[in-house]
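By the numbering used here, the letter at position 150 of the sequence shown is numbered 391, and the numbering carries on one by one without gaps.
What follows is a set of notes on a single structure, which appears directly below.
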Amino acid sequence: MTVPTTSPESTQLAGMLFMQRSLVAAAAERPADVSGPLDEAGQLAQRTGEGNAYGFGFGPTNVGLWRMASALESGDYDRVVSIAEGLHPEAHHSRERQATYWLDFGRAAARLRGRRDKAVVALRRAEQLHPTRVLRNPLARDTVAELLTRARRDAGGRELRGLAYRMGVAG
């Protein structure tokens, strides 16, 4: 794909297109086609820094968020957590994208043994940043329901039960 990168705006647009291409490859279960476009987007992000042309919020942080999303879509939960640990979501201007970071981190951590507490903390942080996005998100609801089922065996936690109640997952 050739997209002119003669201005900061066109460079950010090209970066977003590369990230879209990567996520489509992950969703289509073509893992060999995921990292190349993300690497190209990452190179462009290093040139532009954090930007917001056309409201995209393109930059190194957003590329990291898309790397997390692609790994999550591919079921590589350890990689999601590894990427997340190297990011600073507050560097992105959008609270929605910051919430997405915590939501994706929480969903991945919920799938990993011994990470339930981190998953709950992450999901609560996402809810604090963008309640509507989290409480109405079917993937978040599924994750909370799964955590709640496991937690009931272990007596659960107050934070998790409260989140489940607000989502309508538990009565």
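Using N, Cα and C, we set each Cβ at its ideal position, and we do this for glycine too.
Straight-line Cα distance separating residue j from residue i
i	j	result
A332	A286	13 Å
L313	V275	12 Å
R308	R402	30 Å
A350	R356	5 Å
V322	S251	31 Å
A325	V361	15 Å
A269	S315	9 Å
D383	H371	18 Å
T246	L254	9 Å
Three-state secondary structure assigned by DSSP to residue i
i	result
T390	helix
S311	helix
D216	Given a span of 242 to 412 for the chain in the structure shown, any question on residue 216 remains unanswerable.
S335	coil
L299	Checking the sequence, you will find Phe at residue 299 rather than Leu. Looking at F299 - three-state DSSP - the assignment turns out to be coil, as it is neither helix nor strand.
E368	helix
G403	helix
S323	helix
Pick from the options that is closest to residue i, judged by C-alpha positions
i	options	result
P272	D317, A294, A350, T302	D317
L279	F259, E270, G296	F259
V304	T373, Q284, K359, A294	Q284
Cut-off 6 Å between Cβ atoms - residues of its own chain near residue i, not counting five sequence neighbours on either side
i	result
R352	Y318
A386	V410
S311	S263, L264, A267, V275
M257	F297, F299
Cβ-based neighbour list, residue i, same chain, cut-off 7 Å, excluding 5 preceding and 5 following
i	result
R407	L376
G298	H333, H334, S335, R338
R288	T252
Beta carbon proximity, residue i to chain B, threshold 8 Å
i	result
M309	Here chain B cannot be found, since the structure has a single protein chain.
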